[in-house]
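Only one structure is covered here, and it is reproduced in the block below.
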Amino acid sequence: MTISIGNDHAGPDYKHAIVKYLETNGHTVINHGTDTFDSVDYPDFGHPVAYDVETKKADFGIVICGSGNGIAMTANKHQDIRCALCWTVEIAELARQHNNANIISIPARYTSIQQAIEMVEVFLITEFEGGRHANRVNKIACK
């Protein structure tokens with residue numbers, strides 16, 4: 001799979017660990033994140049990830065900021081993007097199963113790097129259940 005990743009200054013360590021995990025497992029990574037802890041604006045990194053997923057340049061996206069909220073809100077401005085803010089493995093799994101999320105948002109200040117990797121792993125291997133959930137997901141986008 002091809003995974004697009006973006007982060008602000010709260011997430012360089014998380015991004016590096018996640019990228020290492022992804023590449024070790026044979027995934028291609030498109031990196032839009034900053035590598036420094038100098039203050040930056042999360043929309044500058046969230047929009048490119050959403051664009052990659054929206055245009056099918058990437059299969060899934062990962063975004064990281066301090067709370068996970070701002071960058072998730074940014075990604076969710078794009079049509080057909082369903083970015084889920086996740087802080088446990090169970091929420092990451094449900095975001096895929098029930099909501100067909102295509103981007104995971106990780107709150108760097110509220111999860112450990114190990115938790116983040118575990119969430120990404122589950123997010124990428126979990127299939128959308130469809131069924132009763134498909135009708136709901138089809139109602140999300142404003143078209």
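Sequential numbering of the sequence shown, starting at 1, is according to the UniProt record's numbering.
All C-beta atoms, glycine included, are put in the ideal place defined by N, C-alpha and C.
These numbers come from a predicted model, not from an experiment.
So is residue i buried or exposed if we call it buried at 16+ other beta carbons inside 10 Å?
i           : result
residue 1   : exposed
residue 123 : buried
residue 95  : buried
residue 15  : buried
residue 52  : buried
So the candidates are the options; which of them puts its Cα closest to the Cα of residue i?
i          : options               : result
residue 50 : 132, 122, 102 and 134 : 102
residue 45 : 34, 22 and 53         : 34
residue 69 : 142, 130, 37 and 10   : 10
residue 30 : 60, 129, 140 and 132  : 60
residue 93 : 115, 107 and 125      : 125
residue 57 : 5, 128 and 39         : 5
Just checking my contact of residue i with residue j at CB under 8 Å: how many whole Å lie between their CB atoms?
i           : j           : result
residue 147 : residue 105 : As shown, the chain starts at 1 and ends at 143. That puts residue 147 outside it, with no answer to give.
residue 42  : residue 71  : 4 Å
residue 21  : residue 120 : 7 Å
Going by the beta-carbon positions, is the gap between residue i and residue j smaller than 8 Å?
i           : j           : result
residue 18  : residue 62  : yes
residue 32  : residue 3   : no
residue 164 : residue 74  : Not covered by the structure: residue 164. The range shown for the chain is 1 to 143.
residue 8   : residue 65  : yes
residue 79  : residue 141 : yes
residue 100 : residue 137 : yes
Going by DSSP, name the residue or residues bridged to residue i.
i          : result
residue 63 : 6 and 105
residue 84 : 104
residue 30 : 4
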